[in-house]
Structure formats: C-alpha cells, structure tokens
Amino acid sequence: MASFSPRVFKGHVSLYLLFASVMVGLSLLFAACGGGGTSSSVATPTAKASIAAPKDLITAGTLTVGSDTTYPPQEYVDPASGDAVGFDVDLITAMAQRMGLKTVVKKANFDTIIDDLNAKRYDVVISAITINPQRQQKAELVPYFNAGQSLLVEKGNPEKISSVEDLCGKTVGVQDGTVELDTLNATNKDCHAKGKPAIKMTVLTDQTEVIQLLVNKRVMATFQDSPVTDYYLKQNAAQFEVAGSIIKQALEGIAVRKGDTSMLNAIQASLQAVKADGTYNSLFTKWQLNPVQKVTVIDRRDVSFA
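Per the numbering used here, the sequence shown starts with residue 23, numbered consecutively.
And the structure:
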C-alpha cells in the first residue's frame with residue numbers, strides 16, 4: 023500500500039520535487055504511482071549462487087514474483103523507470119540471486135494475491151502479507167518482517183482520534199483484503215454493541231488511493247501497516263501525523279504454494295543466506311526502516327498464535 027517525488031526516496035534519491043504547495047506535490051505523486059496493469063522489474067544476478075534453484079519455475083532462470091506495488095516503503099513503482107522498487111523487492115531480488123535467478127516482479131491485487139499464487143500466476147509472493155491462521159491455511163508463509171497497524175490523520179488531529187475505538191461514527195480509509203480491514207470490522211461490532219454509530223469505511227484496492235482520501239479530506243483517518251504510516255509521515259510531516267500507538271504487532275511472510283517443497287526450501291535457505299551475509303541488515307538501513315521490524319525466525323513452523 024508514497025511520498026514526494028513519486029516514490030523515489032527512502033535511500034534512493036533526494037526529494038527533487040519540492041513544491042510550494044504540499045497538496046499539489048502529493049496530488050502529482052499519487053497520480054504518478056496509482057493505476058493498474060503489470061509492473062515488471064528484472065534484475066540480473068550479481069551475487070554468487072549458493073542455493074539450488076527451485077523446480078518448476080514459470081520461466082526457466084527467472085523467479086516470477088507477485089506483489090501489490092502500491093505499498094511503500096516495501097513495494098511500489100518508481101515512476102521514472104516504471105520498475106518495482108522497495109525493501110521487499112530488494113530482498114527477494116537478493117534472495118533470487120543466491121539461487122542464480124533473475125527476478126521479475128508483477129503487479130498483483132492484494133485481495134486475491136494468494137489465490138493468484140495458487141493459480142500459478144507467480145512462483146512466489148512478497149507483499150507485506152501479515153501471517154495469520156486464515157492465510158496459513160492457503161499458503162506457506164516464511165517470516166521476514168515484523169509490523170503493526172497504525173492510524174494516519176490530518177496534522178493537528180482535529181478529530182482527536184487516539185485509537186481504533188475512537189473511530190465509531192467517523193470516516194476511515196483502508197485497503198481491501200488487509201488485516202487492518204479485519205480490525206475495523208471487529209471494531210465496528212464493538213461500536214454497535216455500545217450503541218455507537220458505525221465506522222464509515224471507504225475500502226479501496228490501492229493503498230496510495232487510500233492515502234489520497236486523507237489528502238483530499240474525504241476521510242478523517244487511514245489505517246494501514248505501521249511502516250507505511252511512518253513512510254508517509256516522513257515524506258510529509260507538515261500535513262500528517264500518527265494517531266495513537268501501534269497495535270497488533272505481527273510477522274509478515276513470503277508466500278509459497280502449499281506442497282511446493284522445492285520453493286519453500288529455497289526461500290528459507292536464501293533468506294537465511296542474506297541474513298547471514300549482512301544483506302538483510304543493509305536493506306533496513308537503505309530503506310530507513312525501524313530495526314524492531316527485523317525478524318530472527320525464518321521457519322514458518324515457529325509462528326504460532328494464541
């Protein structure tokens with residue numbers, strides 16, 4: 023699920039489009055990075071291949087990756103090149119290099135991304151997918167990132183929102199298919215039980231369009247993964263602020279089809295390799311991510327739920 027100079031920051035380039043009007047700047051940004059279709063990014067292997075490539079790839083010599091490229095800083099489209107970029111993209115590219123593979127990233131719809139993986143449209147999926155029991159029933163999820171859920175509001179927080187419980191009767195933007203939508207639906211039940219008005223949700227498929235709702239003051243808040251909230255805040259602290267604290271910290275996983283043992287073993291081994299050689303840590307520095315979002319667990323069998 024932006025920032026200034028259409029998603030080209032976070033360790034990439036300096037903010038080259040500083041507009042006199044913040045609103046104009048953001049409008050140009052969102053116009054540049056929204057949209058559908060397929061966004062492909064091909065990387066040639068540079069690191070030494072040390073791990074056996076998985077079998078039955080869609081294209082020989084290539085790891086075809088599904089990702090919802092509207093979710094900075096983890097995955098988004100660089101408007102200058104049209105390529106997918108971000109922490110997740112760099113990570114899966116480095117992992118593919120350890121298998122002697124190049125990488126092609128294809129834009130996916132987050133709401134159907136695991137179903138599309140199972141339909142063999144992709145070899146693997148990396149897209150800030152929070153691991154939960156429902157998703158674990160549909161795919162193997164290898165932990166690689168740790169994130170929570172947080173609210174972004176207008177600077178000054180005029181509605182005095184400090185938690186999701188404060189959203190009863192308020193307008194909120196959220197991306198479809200996300201755990202944040204699940205949280206809002208559960209909160210809505212509490213609103214009803216307490217005799218309060220329902221949350222007025224605008225649910226969109228593109229995270230950048232969700233943020234645009236806040237820019238245009240069509241919602242009072244947006245609800246998304248905490249790294250995304252941090253990302254937008256860093257790009258425009260004069261217009262946005264975080265409301266309340268991060269909730270529901272959880273692991274995110276790289277999705278592999280159930281039964282695809284060759285791919286699962288290769289993903290776990292290559293993730294371990296990039297962690298061991300320092301690549302994983304260097305990507306956190308490059309994308310200015312909070313170190314608390316690093317994970318030590320990479321075996322999906324070690325992920326449990328109360």
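Beta carbons: idealized from backbone N, C-alpha and C, even for Gly.
When the Cα of residue i is compared with those of the options, which residue comes out closest?
i, options, result
"ILE269", "ASP247, ASN258 and GLY281", "ASP247"
"ASP110", "GLN96, ALA102 and SER184", "GLN96"
"GLY199", "GLU231, ILE135 and LYS128", "ILE135"
"VAL250", "GLY88, PRO94 and THR86", "PRO94"
"SER72", "GLY104, LEU293 and LYS129", "LEU293"
"ALA150", "CYS190, LEU235, LYS222 and ILE114", "ILE114"
"LEU139", "ARG279, PHE306, ALA295 and ASN287", "ARG279"
"VAL264", "GLU162, ALA130, THR283 and SER185", "SER185"
"LYS142", "LYS128, THR224, ASN154 and VAL225", "LYS128"
"TYR98", "ILE276, SER172, ALA130 and VAL196", "ALA130"
"PRO180", "MET242, ASP78, VAL296 and ALA74", "MET242"
"ILE80", "LEU123, ALA106, ALA102 and THR318", "LEU123"
"PHE132", "ILE148, THR125 and ASP282", "ILE148"
"GLU176", "GLY195, ASP112, GLN290 and ARG120", "GLY195"
"GLU274", "LEU286, TYR302 and THR152", "THR152"
"GLN220", "PHE245, ASN238, THR244 and GLU187", "A small correction: the amino acid at residue 220 is Ala; Gln does not occupy that position in the sequence shown. Residue GLU187 is the option with its Cα nearest to ALA220."
"THR125", "MET285, LEU85 and ASN154", "LEU85"
Count the other CB atoms, across all protein chains shown, that sit within 10 Å of the CB of residue i; report buried if there are 16 or more and exposed otherwise.
i, result
"ASN168", "buried"
"GLY83", "exposed"
"PHE240", "Before going on, a small fix: residue 240 reads as Arg here, not Phe. Counting Cβ neighbours within 10 Å, ARG240 comes out exposed, since fewer than 16 surround it."
"VAL314", "exposed"
"ASP100", "buried"
"SER89", "buried"
"GLY300", "exposed"
"GLY59", "Bear in mind that a pLDDT of 47 at GLY59, under 50, signals an unreliable position, so the number given afterwards is only what the model happens to contain. It is exposed - the Cβ of GLY59 has fewer than 16 other Cβ atoms within 10 Å."
"GLN234", "buried"
"TRP309", "buried"
"PRO165", "buried"
Rounded C-beta distance between residue i and residue j? I'm assuming under 8 Å.
i, j, result
"LEU255", "LEU174", "7 Å"
"LYS211", "CYS190", "LYS211 to CYS190, Cβ: 11 Å. No contact."
"VAL87", "TYR144", "6 Å"
"LEU236", "MET223", "Between MET223 and LEU236 the Cβ distance is about 13 Å, and since that is not below 8 Å, they are no contact."
From what residue to what residue does the alpha helix (DSSP H) around residue i run?
i, result
"ASN287", "283-298"
"PHE109", "109-120"
"GLN234", "229-237"
"GLN96", "GLN96 -> no alpha helix (DSSP H), and no H or E assigned at all."
Could you tell me the boundaries of the beta strand (DSSP E) in which residue i lies?
i, result
"ILE269", "262-279"
"TYR166", "161-176"
"ALA329", "Since the first and last residues shown for the chain are 23 and 328, residue 329 lies out of range."
"ASP247", "243-247"
Please report whether the beta-carbon of residue i lies at a distance below 9 Å from any beta-carbon of chain B.
i, result
"GLN246", "Within the model displayed, chain B is absent; a lone protein chain is all it includes."
Is the region 187-204 close to the region 228-243, with three or more CB pairs under 8 Å?
yes
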